[in-house]
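Asker: No gaps in the numbering here: position 256 of the sequence shown is 255 in numbering that gives the first Met the number 0, and each next residue is one more.
Idealized CB from N, CA, C, for every residue including glycine.
Take a look at the following structure, please.
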Amino acid sequence: MRPKIVLTKDIPIQTVTNALLAGQVIAIPTETVYGLAADASNEIALKKIFHLKSRPENHPLIIHITTKSDEESIAHSWLNELSRWSRDVPPEAILLAEKFWPGPLTMILKKAVHVSDLVTGDQDTVGIRAPNHPWTIDLIRAFGKGLAAPSANRFGRISPTCAEHVFEEFSNESLSEPLLIIDGGACEIGIESTILDLSRLTEIGPVILRPGMISNEQIMQVIGRDIQYQSHSEIRHSGGMLGHYAPETQLQMKSVATLIAEDFSIGKTIVASFASVKELKVLWSNPNIFWHQLDADPQKIAKDLYRLLREFDHMNAQKIIFDELPQGVLWKGIHDRLTRSVYGSGQS
Ligand code: TXA
Ligand code: MG
Numbered sequence: 000m001r002p003k004i005v006l007t008k009d010i011p012i013q014t015v016t017n018a019l020l021a022g023q024v025i026a027i028p029t030e031t032v033y034g035l036a037a038d039a040s041n042e043i044a045l046k047k048i049f050h051l052k053s054r055p056e057n058h059p060l061i062i063h064i065t066t067k068s069d070e071e072s073i074a075h076s077w078l079n080e081l082s083r084w085s086r087d088v089p090p091e092a093i094l095l096a097e098k099f100w101p102g103p104l105t106m107i108l109k110k111a112v113h114v115s116d117l118v119t120g121d122q123d124t125v126g127i128r129a130p131n132h133p134w135t136i137d138l139i140r141a142f143g144k145g146l147a148a149p150s151a152n153r154f155g156r157i158s159p160t161c162a163e164h165v166f167e168e169f170s171n172e173s174l175s176e177p178l179l180i181i182d183g184g185a186c187e188i189g190i191e192s193t194i195l196d197l198s199r200l201t202e203i204g205p206v207i208l209r210p211g212m213i214s215n216e217q218i219m220q221v222i223g224r225d226i227q228y229q230s231h232s233e234i235r236h237s238g239g240m241l242g243h244y245a246p247e248t249q250l251q252m253k254s255v256a257t258l259i260a261e262d263f264s265i266g267k268t269i270v271a272s273f274a275s276v277k278e279l280k281v282l283w284s285n286p287n288i289f290w291h292q293l294d295a296d297p298q299k300i301a302k303d304l305y306r307l308l309r310e311f312d313h314m315n316a317q318k319i320i321f322d323e324l325p326q327g328v329l330w331k332g333i334h335d336r337l338t339r340s341v342y343g344s345g346q347s
């Protein structure tokens, strides 16, 4: 069975909520990346997510929530929604929800007793976020329950930022059930949410487990506390593994200012450069090099990154060289994903 893409405008929300209630997994758009969503309270449906992704069951899932209506996006309604899934919700979580939700921030909190071990990966914490895609907000409202959703890619691979990428991920799989992919357009943010651990506030303070397009500075401004980074923690999170988000073609990060002839001896090489490709083409008149001009705008690069890596991967090159990224807090999430892509690349 092959997956099926349907435009948001062509499918009644109720068809999707019925499918979710029946325990189906549905690929949905969010502003970060596409997700594989299932009813967070249905363990049979949750197991299907792990099976579909070939993801180990001890890697926890994020629960996607929203407020009951747009007018309600205020402190007490976030507290109500968070309290359905977590306990001892700290005031910091509410401040952050008011500032950044709906949006690309996931908060790790102490879990409520009823939350499935399949969602938490057997831990005492739960990851929660409110995605900012209009159709998906409507879906969660209509469904009335939380949706567990990891990124809609096979384990270890590049996250999908449009419906066609999800199709590409699962079109060669032998699906035992129909997989509906809801096409809500290209993702606006393009890399996964920032993950902030607030479950150990009194012991160690707030900790970023995965950087994203909401920076630690922005978070610090809201909660007035220093924030640590801990990307290889004892807490299991798959984005914390080296060798994630990986293309099949060998990927290298290297400043184009330091290119040497040996970099191209392997054959067809793609070079993505922040420096002027026009000038580089003159400098290196080598037919084996396929140049790509990058724009030094972090929002734009984040939005395009996974699409570019997929496109490069389809070009049958021997190697992809990605220029060194500019410095600055806004590049941190992009740097994190690219470093992991480099590490896991070249394993077709
Ligand atoms: O932007 C996003 O966060 C996307 C969209 C679909 O919402 N979702 C996403 O999910 O990236 P996933 O499963 O691909 O990555 C979520 C990460 C995983 O590395 C998971 O281990 C971690 O969040 N995570 C979830 N719950 C956790 C918990 N209780 N403690 C630590 N890490 C957790
Ligand atoms: Mg993922």
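1. Less than 9 Å between the C-beta atoms of Leu197 and Met106, yes or no?
2. Whose C-alpha, out of Phe49, Asp294, Pro2, is nearest the C-alpha of Trp330?
3. Give the straight-line distance between the Cα atoms of Ser272 and Arg339, rounded to the nearest whole angstrom.
4. Around the C-beta of Arg209, are 16 or more other C-beta atoms found within 10 angstroms, so that it is buried, or is it exposed?
5. Would you call the region 315-324 and the region 243-253 in contact, with 3 or more CB pairs under 8 Å?
6. What does the Cβ neighbour count give for Leu19, buried or exposed, with the cut at 16 atoms within 10 Å?
7. Which residue spans inside the region 131-205 form an unbroken beta strand (DSSP E) run of at least 3?
8. Heavy atom of the ligand MG less than 8 Å from the Cβ of Glu191, yes or no?
9. Could you pull out every residue in the same chain whose Cβ sits closer than 6 Å to the Cβ of Asn41, ignoring the five residues on either side in sequence?
10. Which partner residues of Lys110 appear in the DSSP bridge assignment?
11. Any idea what DSSP makes of Val255, helix, strand or coil?
12. Rounded to whole angstroms, what is the Cα-Cα separation between Gly345 and Ala92?
13. Just checking my contact of Gly126 with Ile62 at CB under 8 Å: how many whole Å lie between their CB atoms?
14. Any heavy atom of the ligand MG closer than 8 Å to the CB of Pro149?
Answerer: According to the structure data:
1. Contact flag set, yes.
2. Nearest of Phe49, Asp294, Pro2 to Trp330, Cα basis: Asp294.
3. Rounded to whole angstroms, Ser272 to Arg339 spans 19 Å at the Cα level.
4. The residue is buried, with at least 16 neighbouring Cβ atoms inside 10 Å.
5. Flag = yes, the region 315-324 and the region 243-253 touch.
6. That one is buried.
7. Those beta strand (DSSP E) runs which fall completely within the region 131-205 and span 3+ residues are 179-182, 193-196.
8. Glu191 Cβ: within cutoff of the ligand MG.
9. Around Asn41: Gly22.
10. Lys110 pairs with Ser85.
11. Secondary structure of Val255 (DSSP, three-state): helix.
12. Cα to Cα, the separation comes out at about 40 Å.
13. Confirmed, Cβ separation roughly 7 Å.
14. At least one heavy atom of the ligand MG lies less than 8 Å from the C-beta of Pro149.
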